[in-house]
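This is the structure:
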């Protein structure tokens, strides 16, 4: 017996870091 | 349901988590490939994929974290982030990698390689407006 469960769906971009380069001085 | 014993863990890294690509396709997190990210960025307006090379891995002043130094994108900009050692990064041509594959396996059940200096990770940034 497998209980029903809600399945979350995550967007692809939540898996990769947002690396915004800081502005050069 | 996903394990909730570690409340701070982002559940999208749990093995079996369903990920929606920008194309609408659904994949399990452990099945993602480099091309999935590249294609998703291509069809996403405003986002671009950057190559972020790990240049140094140090202890963080924050207990329980590691400090990762990257050079990012064509500009080779330096970016430093503090992450938990189990945090997975997607390395080009290699797949999920973390500073502590053992912890990643234990906490997320996600198979990982060891993240090392020289690895090129996928990151995103905003596409510059022309």
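Chains as they are written, first to last, in the working numbering: chain D, 1206 to 1230; chain P, 289 to 418.
Cβ coordinates follow ideal geometry from the N, Cα and C atoms, glycine included.
All figures in this text were calculated on a predicted structure; none of them were measured in a lab.
To which residues does DSSP link residue 341 of chain P through a beta bridge?
P:359, P:408
Tell whether a beta-carbon distance below 7 Å holds between residue 413 of chain P and residue 324 of chain P.
no
By how many angstroms is the C-alpha of residue 368 of chain P removed from the C-alpha of residue 402 of chain P?
19 Å
Return the Cβ separation of residue 380 of chain P and residue 410 of chain P in integer angstroms, given the expectation that the two are a contact with Cβ distance under 8 Å.
7 Å
If you measure from the beta carbon of residue 345 of chain P to each beta carbon in chain D, is any gap under 7 Å?
no
Touch test, the stretch 1216–1224 of chain D against the stretch 310–330 of chain P, Cβ-Cβ under 8 Å, three pairs minimum:
yes
Sequence-distant residues of the same chain with beta carbon closer than 6 Å to residue 415 of chain P, five excluded per side:
334, 336
Please name the residue or residues paired with residue 1216 of chain D in a DSSP beta bridge.
P:308
Please return the same chain residues whose Cβ sits closer than 8 Å to the Cβ of residue 396 of chain P, not counting the five positions on each side in sequence.
297, 301, 302, 303, 374, 376
For residue 395 of chain P, which three-state DSSP category applies?
helix
What does the Cβ neighbour count give for residue 372 of chain P, buried or exposed, with the cut at 16 atoms within 10 Å?
buried
Around the Cβ of residue 378 of chain P, are there at least 16 other Cβ atoms within 10 angstroms (buried) or fewer (exposed)?
buried
Do you know whose CA, among P:398, P:311, P:299, P:340, lies nearest residue 361 of chain P's CA?
P:340
Just to confirm, are residue 437 of chain P and residue 342 of chain P a CB contact at a threshold of 7 Å?
Any question about residue 437 of chain P goes unanswered here, given that chain P covers just 289 to 418.
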